[in-house]
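Residue numbers (mature numbering (1 follows the signal peptide of the UniProt record, and there is no 0)): -28 to -1, 1 to 882. Backbone N, C-alpha and C fix where the C-beta goes; we use that ideal spot for every residue, glycine too.
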């Protein structure tokens, strides 16, 4: 068997046993520090572990408590299992707490050891010798050097029979933390090599083994060794959690403020972790429970307006507050919460303000207040009310959200003549109700002085009512509506005028304010609403200040309207079988009762007994047939009178016909042509006739053409009609050159040829007046806008003057040669052919002149200067005598179109 001898523990055990025996001999209470019990590996519920002798103890004060929930300790000291419990091979230990007679809390350790039994081959259990398991070893944490230090001796019973040596393995030896323990192999002495911190490793459990030195075989079973690290009070308690608390001011004495929490890293359940709390400041205001750390108030006089927060220093100390205990200090902040214990107060005892009469709405006074409670809370925010003097609602009061002031506003203009002074009373209070105080809400007087203003006249009443019967004769006095000066109460010097009189029924006397009828008043007019007609008047004093008032005229009704039948054209649908039909007749009267309904209906004097009247209601009757009548139109006279008998005879037209959906079939299938229809038809015929005349005119004038008489001297150069093909070849010898005018020509001018116009012919258009050539009988008469355009590229210079002959458009004018007269007054559009004819005549005259001289005449024709068209201009000239490098090269005429081709051939054929 492997036994372990622990010398120190054995000595302690012997001492304890002796001490226990001695105490037992005396009549006193003794509870051992530890006990050991042998139990099976599986401990059932209700198994009695051991019993502590408490016969000499006061069981009422012991209060045994098991730290292991699997066990319980009864009042008589019996330890019993409450759950099925497994006990490992190395045993199990738990503590039992109790309170000794001195009130100190103590611990008793209970060690459980397995009961060892062996099983024989035949299946029977054989009880073996119990192995002695030593109590756990103890070392002190953070022990001081030198190291190593001996702990205790470990020995095995096998050392008697064998030459053995010992080894250790496990945490603290071969596992982390390594090197803490070792054993002397030969002797079994357990040693510790370094200081151990219990807060890191509170216990070591490793195995001891014994071997034969010769065979290195184990001579005993391995035995677990438990080493407990005994706690040393090396850790001061520390504060945990928040240290800021809030309590309402004026709270009752004993009101809990908060709880201070602290912890200690030392071994729980010992004095090392038993913390005691105390206050170092503000002890007259607050109290802290030394065991629980709960802070409470010590007075009911805490006032936030005096001190809104307190900084309380606290001390926590272990060892249950003993002087040798470790301590720590901290400061707790206690904030006082606000209650509404201070009502708002005014900075003045009274306030005064002046307001002018008729002053516009607006702010007139600010009332500052003071409040000691917490800003911008319901305890500080004020509310104001006017409790007196505002019966007419001239004022209102509000709170300024930024400054907490009271703001008095004028809501209605004041009248100095009615009220010269107002005394208001303003009450100030908080949004929250008062608490914790006997104070009341306070008020302040406000004296409002009304200033006088020179006002305009005021009518004696804002409105006045007169009753007038309709149709009252003109110039009838209705009443008088006057105004007075508010200051003098006099009407002197005040003038009266109408501001509004929609129907112009009333005249107002400017000086007296009398109202008279100007035009007939009609109650049934749309200007009268519910029998009331309104007039607005204006009063003006000498200083041109004005005042207005309203005149209400109640118009009384007269019986001036007879009942009128609403619809006088009626339709009666005929019925088969001789059944008589009827039709509804409804009347109305614009007058009011008693001058209107109920109406009386009866047939007129000249009725033909074909109809009868049957009453339906107060305003309608049924007009019925009295005999069978064929389809057609019938006129029926009806006498309709009101309640007063005032009425007239009216004629209704009844159409009897076959109906479909209440409509006569004849009316559906027939149409009638009215006056406007006839006029529309006549207008259409007139338009059609006008269109026909226009078409006839166009057809008549379409084929009219100007005939150009050919005198035989054209030489074949005049083209007929508007053809675009080439003309016939013409022999230049056939051209007849006019005789007159040529001999008298003057070089460089055409004055001798009979041209009486301006010599500078810049444009042969509107600038030309009336020009004549008497010798050749050519008369050119141009209109003011004639020849308005330029003919680009055609220049006639030299002896014939300078100018540009425009052929784009010819204005009005006539060309006459011999018996030929050309009128180009309307030579535009389709009559462009006349332009070509005129051009041909002019060119004929020009060519005839040129053919009479030598070649030099062509060059002389270019000496006149024209407007500069730019260097290198590609523009050419249509004249055969233009300034060209080769004056004989007239091929460019081929590009001018078919109408110029013949002319080109004439110019080149010599």
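Spatial neighbours of residue i in its chain, beta-carbon cut-off 6 Å, leaving aside the 5 residues before and after
i	result
residue 678	Interpretation of residue 678 is limited by its pLDDT of 48, a score under 50 that renders its predicted location unreliable; the figure taken from the coordinates is listed afterwards. Hits under 6 Å: none found.
residue 174	201
residue 224	272
residue 877	none
residue -5	With a pLDDT of 41 at residue -5, under the threshold of 50, the modelled position of this residue cannot be trusted, and the question is left open.
residue 436	453 and 523
residue 463	454 and 456
residue 253	284 and 285
residue 233	212 and 213
residue 296	none
Residue i - partner residues in DSSP beta bridges
i	result
residue 381	335 and 368
residue 393	421
residue 153	164
residue 125	161
residue 560	536
residue 501	504
residue 509	470 and 521
residue 579	Looking at the DSSP assignment, residue 579 forms no beta bridge with any residue, so it has no partner.
residue 376	Answer is none; residue 376 lacks a bridge partner.
residue 286	251 and 302
residue 35	In DSSP, residue 35 forms no bridge with anything.
residue 667	DSSP output for residue 667 lists no bridge partner at all.
residue 7	82
residue 449	488
Presumed contact (8 Å Cβ cut-off) between residue i and residue j, rounded CB distance
i	j	result
residue 610	residue 556	Not quite, the Cβ-Cβ distance comes to about 13 Å (not below 8 Å), so this is no contact.
residue 236	residue 148	Incorrect: roughly 26 Å between the Cβ atoms, too far for contact.
residue 3	residue 24	6 Å
residue 522	residue 385	Contact flag wrong, Cβ pair sits at about 19 Å.
residue 155	residue 111	Contact doesn't hold; Cβ gap of about 14 Å is too wide.
residue 566	residue 619	About 14 Å; that fails the 8 Å criterion.
residue 125	residue 9	Not a contact, Cβ separation roughly 25 Å.
residue 544	residue 626	5 Å
Cβ-based neighbour list, residue i, same chain, cut-off 8 Å, excluding 5 preceding and 5 following
i	result
residue 17	53, 54, 55 and 56
residue 558	537, 538, 539, 591 and 592
residue 547	553
residue 483	467 and 468
residue 397	358, 359, 360, 361, 415, 416, 417 and 418
residue 137	157, 158, 182, 183 and 185
Residue from the options with nearest C-alpha to residue i
i	options	result
residue 401	441, 439 and 359	359
residue 570	577, 616 and 75	616
residue 505	517, 651 and 529	529
residue 478	445, 461, 460 and 464	445
residue 496	313, 329, 563 and 665	563
residue 188	134, 525 and 585	134
residue 40	69, 13, 61 and 14	69
residue 301	544, 211, 141 and 229	211
residue 298	309, 218 and 244	244
residue 179	151, 158, 145 and 159	145
residue 28	121, 72, 124 and 498	72
residue 303	503, 366 and 284	284
residue 6	46, 81, 515 and 493	81
residue 199	560, 449, 213 and 162	162
residue 34	48, 489 and 171	48
residue 277	310, 249 and 305	310
residue 14	87, 66 and 44	87
residue 66	45, 632, 76 and 75	45
residue 349	336, 342, 382 and 312	312
residue 75	30, 62, 64 and 113	30
Cβ-based neighbour list, residue i, same chain, cut-off 7 Å, excluding 5 preceding and 5 following
i	result
residue 458	389, 427 and 430
residue 340	319 and 377
residue 604	628
residue 228	266 and 268
residue 218	307 and 309
Contact test: residue i Cβ vs the ligand GTP heavy atom, cutoff 7 Å
i	result
residue 473	Inclusion of the ligand GTP in the displayed structure is not the case, the ligand content being empty and no account of it being possible.
Three-pair Cβ contact test at 8 Å for the segment 414 to 425 versus the segment 319 to 331 | yes
Would you check if there are 3 or more beta carbon pairs closer than 8 Å linking the segment 203 to 218 to the segment 230 to 247?
-> yes
Do the segment 404 to 413 and the segment 466 to 485 make contact, defined as three or more Cβ pairs closer than 8 Å?
-> no
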